[in-house]
Amino acid sequence: MKVVLENLTKIFPSRDKKSQNQVVAVSDFSFEIPDGQLVGLLGPSGCGKSTTLYMISGLQKPTSGKIYFGDDDVTELSTENRGIGLVFQNYALYPHMTVQQNIMFPLQNLTGKDKLSKQQMLDRAHEAAKLVQIDELMDRKPSELSGGQQQRVAIARALVKMPRVLLLDEPLSNLDARLRLQTREEIRRIQKETGITTVFVTHDQEEAMSISDIIVVMKLGVVQQIGKPQSVYDDPANLFVAKFLGTPPINVLEGKVLDGKVYIGDQAVMSVSGVEDMDVYIGIRPEGIEPAPDGVFECKLNNVEVMGRDASVVSTHTAALSPVIRAIISSDIHVDTASETVKYNIKPHKFFLFSKETEERIYFEVK
Amino acid sequence: MVDSKKHWKAWLYLSPAIILLLVFTVWPIFNTLRMAFLNDYGNMAAIGGQTFGFGIQNFIKVIEYKEFLQCLQNTALLCVATVPISTVLALLIAVALNSIKPLQKTLQTIFFLPYVTNSIAIGMVFAAMFNIVGLKQGSHMADTWGIINNVIQFFGGEPINWINAGSSYVANMAVMIIYIVWNALPFKILILLGGLQSINKQYYDAAKVDGTPKRRVLTRITIPLLSPMLAYVIITGFIGGFKEYSSIIGIFGEKMGPADDAGRLNTMVGFVYDALERDRQGRASAAALILFAIILIVTLINNKVIKKRVHY
Amino acid sequence: MSKNNSNTVMQERDIQKITAGQLISRILSKSFTYIFLLIMALIVLFPFYWMIISSLKTLAEYRQAIPTFWPRQLMFVNYVDAFTTANLGDLFLNTLYVGVVSTLLSLVITVLSAFAFARLEFKGKETLFGMLLATMMIPGELFTITNYITVNRLGWMHTFTALIVPFLVSVFYIYLLRQNFMQIPNELYLAAKVDGTSDIKYLWKVMIPLSLPTLISITILKMMGAWNSYIWPKLVANDDAHQMITNGLRNAFTDTSGQANYPVQMAAVAIVSAPLFLVFLCLRKYIMSGVSRSGIKG
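Chains as they are written, first to last, in my numbering: chain U, 10 to 376; chain W, 15 to 326; chain X, 521 to 818.
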């Protein structure tokens, strides 16, 4: 089932009745989610990602715009008629019911020709429980489960009625770091096994990057970029996206383009063509700079952090917007830590220019 | 040094409370127990120098009284009828109130109004509403039948003699039940609405996503999640019900019954006070202890039943 | 689990029809809710309405076979009659005196005890507090019997003292205020000690202002208690000079079912009810929060 969002907009009236300050939570969002894909809505808090999810679920009504499931216009359809499964951020498992009762609950609401016999319900519940590997815990109450187990129950409850679309609101935020890794693989596996079109919301870029087929990066209600995780990372549309994706984060410096050369301070670090002379922000991925004796970009060396396979060269430069400039290199490469400075070579495909005015990406060709 | 000074201060601050509690709370516990087991104890007689034998005569006499059994029956009937009715009504009203936005505050205030009334004063209003003025004995003629009967007549029913001379026990009890339920609603609505408002809204969103019908949301989600508050209003309802007294005074006056059958609607508490005023403190104590025991047992049973069904 | 089981089902349905159905059922359920609530609200309000219109009718109009729902002639004189018949003026003063004196004394005792339990350390504190709480389980009737004898032997029969003193200490209020005091950070107290502030000054300047809402709730509940008390005054002080308002009202209109002058009676009831209503409308928040914590009156 593909999901189509068409010019979706949500405006919340201001809380203070006197002032006219409305909050535009989501602005003119259009996107077609292909059938059977796992889509991550990504952005900092307040970017409208959860509002978008709740509009798809039908729990919130869009101010304008349309939502289609397949070819059906479901914009006016209330949530129970949309056939979605929703996993809440804190799971919303009914505390007074056992795991089995929780999973069976949606099935017991079916009426008419969809009505199931008791045995059918039990079978379906067990099937769903097995899928998320909690079939051993059927008689427990939610309070007797760990966070990860509760999460699985919530997913099973959402899956048991075979939803057309599965929605997950910050599915991993309540789990500790180790469980988070494990559970995100689990979500990936379940999604692939069921093939249900799935949308999830997260503020954690690593989470979104690692399991999504497609990510949607949002900021203040406006979509910044949509694409496969790797291509968004490799080809950010603007400074925000470049900064939001990647750990450690991208190095950002002030610079300028003059006569086909990119300058940081008075060092010319790259020759480019097709760019006018202008002030720019320069973004360089940490894996895009490498210390070399004949490097073109000289910085003050602070120290080198060796972390097993990789090493991180920490240096500073007056034009940098962040306190340090970080380079991730193989720990085999030797860096002379006694030296005051370090010289880097820059890989052109890890090097981005952004307009200082609009922060939009400026494309160039390497000469 | 500092420590003992502090001790001394604490006891100074507590002294008024402790002295009063010793005289009016602690001493009564022992003395009431003592009087209950002194056969036929009476205060005036005791002042007069009479001594009383130790025994359980008071309890036997109380239980053998026909009046006492009538009181017990009235009290129990009122409890059994009013607690479920008022609880269910309060639950429905609270759920309905919780589901609306416009008018919510206004309606909430209206539903709380019966609480801030004097149960004897408003009892007199209820009495007026049910009262028949100028009923000719034996005939079917009266000046005015009272507003409640007027309403019944409007819908084509026969007027009922609710509280006047010649009225039936069932009619009397019906009036009492209506009045007590009316009086008990505000407190229950307040508690239940407070409980409802503290339930996480996401449970309802989750139920909505699953297309749960309204009635199932009520029985499978709201009521179980509200069960601690329900248990609370039921238990306090029973305790209050067993102490019912002034609402009957409000409607029937101190006769505790219709004009031709005084004492017909007397309650356990009424029995205790009657004995007290007649200088039968031994018997009053015994009856009060029986009342205490009944309340204790009912509360324990309630707790047991509820514990099985309450989700905390 | 197959993915396409329900897609097809959905497409067959006419979405428009579902949307219309949704709307109708939403409107139906909302109107049902409002109708239910409004009917219940009318039932709750009806006695008050009936009290007021009855109190303004002439006796002849009240006794008509077909009731009128608005008085033909507004008989405000009924209120004057009620005031004199039931001697409401004296009853008001008696009740006010008992209410104010017992509230003030009770507040002082409650504040001091709650302070001792919340802030001071002394041997047996927890045990004593536990014992106090345990007395809350015992029904008041058990105390009343002995207190009746005690008051009698102290020679307090037919005095205001008998109405005030036995109920000055409420374990529940001490408990409520202690909880409130405990929420105030202890550092404030220690800082005050370092500055050499006396306990009483600290109580007055810090603790009392910070727990004002609870104190207001206690005051209102205590005053309401005096206003509504009936049983105890009836036992120990039912003479003209000390009669409380509820007793006076009931005694003035003993005839519940005969030829009583109902309009005057209803006027008296309205006069007695009015102060409670006014206090409620002004201090709704405190009353409702106090009641929801106290659970008095089943």
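We put the CB at the ideal spot given by N, CA and C, even for glycine.
Check	Outcome
Assuming Y722/X and Y709/X are in contact, meaning their beta carbons sit under 8 Å apart, how far apart are those beta carbons, in whole angstroms?	6 Å
Cα separation between M560/X and A787/X?	25 Å
Pop quiz: M282/W and T89/W are said to be a contact at Cβ under 8 Å. What is the actual Cβ separation, rounded to whole angstroms?	5 Å
Check whether the Cβ of A101/U lies closer than 8 Å to any Cβ atom in chain W.	yes
List, in order along the chain, the chain X residues whose C-beta lies closer than 7 Å to that of E85/U?	T539
Closer than 9 Å by beta-carbon distance: list the chain W residues that pair up with L68/U, in chain order.	D219, K222, V223
Closer than 7 Å by beta-carbon distance: list the chain W residues that pair up with V689/X, in chain order.	A31, L34, L35
Which residues, in order along the segment 54 to 81 of chain W, keep a beta-carbon less than 7 Å from a beta-carbon of chain X?	N57
Please state whether the Cβ-Cβ distance between Q214/U and F253/U is less than 8 Å.	yes
Contact between the segment 267 to 277 of chain W and the segment 207 to 224 of chain W is defined here as three or more beta-carbon pairs at a separation below 8 Å; is this criterion met?	no
Report the CB separation of V169/U from P115/U in whole angstroms; it is logged as a contact under 8 Å.	6 Å
Is there a C-beta anywhere in chain W that falls below 8 Å from the one on F21/U?	no
Per the DSSP calculation, V789/X is bridged to which residue(s)?	Answer by DSSP bridge pairing: none, since V789/X is not bridged.
With a CB to CB cut of under 6 Å and the five nearest residues on each side skipped, what residues in its chain are close to E136/U?	none
Tell me where the alpha helix (DSSP H) around P619/X begins and ends.	Looking at the sequence provided, one finds Gly at residue 619/X rather than Pro. Here the alpha helix (DSSP H) through G619/X covers 608 to 639.
Would you say I93/U faces chain A, with C-beta separation under 8 Å as the test?	Absent from the structure: chain A. Protein chains present are U, W and X.
Which stretch, first to last residue, makes up the alpha helix (DSSP H) that contains E443/U?	Absent from the structure is residue 443/U, since the part of chain U shown begins at 10 and ends at 376.
Ordered along the chain, which non-local residues of its own chain (more than five positions away) have a Cβ less than 8 Å from that of G317/U?	S340
So the candidates are Y129/W, T96/W, A95/W; which of them puts its Cα closest to the Cα of S793/X?	Y129/W
Pull out every residue of the segment 597 to 628 of chain X whose Cβ sits closer than 7 Å to any Cβ of chain W, in chain order.	none
Starting from V261/U, follow the beta strand (DSSP E) in both directions and report where the run begins and ends.	260 to 267
Given this structure, state the Cα-to-Cα distance separating E258/W from S690/X, to the nearest angstrom.	21 Å
Would you call the segment 238 to 255 of chain W and the segment 81 to 97 of chain W in contact, with 3 or more CB pairs under 8 Å?	yes
Could you have a look at I704/X and say whether DSSP puts it in helix, strand or coil?	coil
Among the candidates R173/U, R335/U, P172/U, T192/U, whose CA atom is the shortest distance from the CA of P180/U?	T192/U
Among residues of its own chain, excluding the 5 on either side of Q785/X, which ones have a beta-carbon nearer than 6 Å to its beta-carbon?	F773
By Cβ distance, which residues of its chain are closer than 6 Å to G274/U, with the 5 residues on each side in sequence left out?	A328
Could you give the residue range of the beta strand (DSSP E) that holds R335/U?	334 to 339
Can you name, in chain order, every residue of its own chain whose Cβ lies under 8 Å from the Cβ of E194/U, other than the five neighbours on each side?	I220
So, helix, strand or coil for C56/U, using DSSP?	coil
Does the segment 232 to 239 of chain U come into contact with the segment 346 to 356 of chain U, if we say contact requires no fewer than three beta-carbon pairs (one atom in each stretch) closer than 8 Å?	no
Are the C-beta atoms of Y668/X and some chain W residue less than 8 Å apart?	yes
Measure how close the beta-carbons of I205/U and P172/U come, nearest whole angstrom, since I'm counting them as under 8 Å.	6 Å
Which residue marks the beginning of the beta strand (DSSP E) containing D288/U, and which one marks its end?	287 to 293
Since R3/U and P257/U should fall inside the 8 Å C-beta cutoff, what is the C-beta to C-beta distance between them, to a whole number of angstroms?	Residue 3/U cannot be examined here, being either before or after the span of chain U that is shown, 10 to 376.
For L652/X, I'd like the list of residues in its chain whose CB is within less than 6 Å of its CB, leaving aside the five on either flank, ordered along the chain.	V691
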